[in-house]
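Residues in the sequence shown are numbered from 48 upward in steps of one, following this note's numbering.
Glycine residues also receive a C-beta, built at the ideal position from the N, C-alpha and C atoms.
Since the model is a prediction, treat every value here as computed from it, not as a measurement.
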Amino acid sequence: VQYLEEQNFKADACIYPHPLTTGAGPQIACAGGLIFKIRVTGVAAHNLNGQVGVNAIGKAMKIYDALVELDNKRVKTVSYAPFERYFAASNMEVRSSNLTPAMINAGEWAYKVPAECELTGTIGYPPNETLEEVKAQIENAVKEVAANDEWLSKNPPEISYEWHTSPAEISPDHPFVQMVKANIDEVVGRTTEIYGMPTFSDIRFPLIYMDMPAIIYGPKGGNLHGADEWVDIKDWLDCVETNVLNILEW
Numbered sequence: 048v049q050y051l052e053e054q055n056f057k058a059d060a061c062i063y064p065h066p067l068t069t070g071a072g073p074q075i076a077c078a079g080g081l082i083f084k085i086r087v088t089g090v091a092a093h094n095l096n097g098q099v100g101v102n103a104i105g106k107a108m109k110i111y112d113a114l115v116e117l118d119n120k121r122v123k124t125v126s127y128a129p130f131e132r133y134f135a136a137s138n139m140e141v142r143s144s145n146l147t148p149a150m151i152n153a154g155e156w157a158y159k160v161p162a163e164c165e166l167t168g169t170i171g172y173p174p175n176e177t178l179e180e181v182k183a184q185i186e187n188a189v190k191e192v193a194a195n196d197e198w199l200s201k202n203p204p205e206i207s208y209e210w211h212t213s214p215a216e217i218s219p220d221h222p223f224v225q226m227v228k229a230n231i232d233e234v235v236g237r238t239t240e241i242y243g244m245p246t247f248s249d250i251r252f253p254l255i256y257m258d259m260p261a262i263i264y265g266p267k268g269g270n271l272h273g274a275d276e277w278v279d280i281k282d283w284l285d286c287v288e289t290n291v292l293n294i295l296e297w
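Shown next as structure tokens:
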């Protein structure tokens with residue numbers, strides 16, 4: 048999609064047929080994504096006299112706990128209805144954002160107190176938040192940990208940002224969204240919901256950069272990007288029929 052955008056490609060609309068854990072229903076939004084790294088320093092020492100060292104892993108774990116706390120706080124303070132409907136329909140805990148401390152890299156040898164630890168995490172955030180707001184929350188969480196730790200207050204952790212992608216959305220009242228929803232309802236024989244994809248997606252390119260209406264609509268599936276990933280065959284056939292109607296009408 049990025050290549051098509053770079054080539055100034057134009058189309059009447061875009062449907063991204065990604066499998067959905069929700070089942071039938073158009074998805075009108077995607078989350079922004081941010082990967083961040085937090086570098087914590089300590090003091091190396093041999094295990095023989097480990098008490099003179101400062102274990103960077105231990106200090107980083109305080110930041111890990113603060114990030115988990117921030118994630119839990121955001122469940123209560125960040126709200127975006129299309130994402131919440133997505134999780135509710137998927138029988139998951141309802142939320143609008145996920146923050147995951149995902150990787151820790153530290154240590155050189157089992158007999159050496161680690162002098163450095165790097166914590167890598169990611170956060171997905173909805174279209175009604177800004178990148179600046181999200182960064183500020185992460186930075187404030189780290190600063191609060193440092194302020195309450197004697198070592199970290201004098202040796203503050205370093206935060207860097209490795210990758211970012213923008214959130215995007217289209218109005219649920221857009222004629223394209225309403226047409227797709229009507230066709231889905233007709234094919235599946237019931238009234239469906241309008242959802243949002245609570246992670247980053249390629250629909251951001253047509254929506255943000257190509258002035259093109261775009262949604263996600265695919266068959267019900269599960270174990271996405273995991274072992275035994277699956278797609279419901281009947282849902283897939285319903286999607287084919289629905290998209291034939293979408294192409295003919297739009």
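Per the contact definition of three or more C-beta pairs closer than 8 Å, is the segment 254–261 in contact with the segment 145–155?
no
At the 8 Å Cβ level, is Phe-252 part of the contact set with chain B, yes or no?
No chain B appears in the structure shown, which is made up of a single protein chain.
Could you compute how far the alpha carbon of Asn-224 sits from the alpha carbon of Asn-175?
The amino acid occupying residue 224 in the given sequence is Val; Asn does not appear at that position. Those two C-alpha atoms are separated by around 19 Å.
Terminal residues of the beta strand (DSSP E) in which Gly-105 lies:
Looking at the DSSP string, Gly-105 is not in any beta strand (DSSP E); the run it does join, the alpha helix (DSSP H), is 103–124.
Go through its chain and collect everything with a Cβ distance to Ala-193's Cβ below 8 Å, but skip five positions before and after it.
Leu-199, Ser-200, Pro-203 and Pro-204
Reference Asp-196; option with closest CA among Ala-58, Val-101 and Gly-171
Val-101
Could you please give the first and the last residue of the uninterrupted alpha helix (DSSP H) stretch that includes Tyr-50?
49–53
What's the C-alpha gap between Ser-248 and Ala-153?
32 Å
Could you compute how far the alpha carbon of Glu-276 sits from the alpha carbon of Gly-70?
15 Å
Determine the extent of the beta strand (DSSP E) in which Val-87 is found, giving its start and end residues.
79–88
Cα separation between Leu-271 and Asp-279?
13 Å
Ile-206 and Val-181: beta carbons closer than 8 Å?
no
Which residue wins for smallest C-alpha separation from Ala-76, given the options Ile-217, Pro-266 and Gln-184?
Ile-217
Count the other C-beta atoms from every protein chain shown that fall within 10 angstroms of the C-beta of Gly-236, then say buried if there are 16 or more, exposed otherwise.
exposed
Give the straight-line distance between the Cα atoms of Ala-215 and Lys-267, rounded to the nearest whole angstrom.
22 Å
With a cut-off of 8 Å on the beta carbons, I'd call Glu-165 and Phe-83 a contact; round off their distance for me.
11 Å between Cβ atoms; not a contact.
Can the beta-carbon of Gly-79 be found less than 8 Å from the beta-carbon of Gly-171?
yes
Check whether Tyr-242 and Pro-64 have beta carbons under 8 Å apart:
no
Spatial neighbours of Leu-107 within its chain, please: C-beta separation below 6 Å, excluding the five flanking residues on both sides.
The residue you asked about is not Leu; residue 107 is Ala in the sequence shown. Around Ala-107: Val-87, Cys-164 and Leu-166.
Pick from Leu-295, Ile-250, Lys-281 and Asn-290 that is closest to Glu-52, judged by C-alpha positions
Ile-250
Give the DSSP-derived three-state secondary structure of Leu-146 in the structure shown.
strand
Taking Cβ to Cβ, would you say Pro-253 is nearer than 8 Å to Cys-61?
yes
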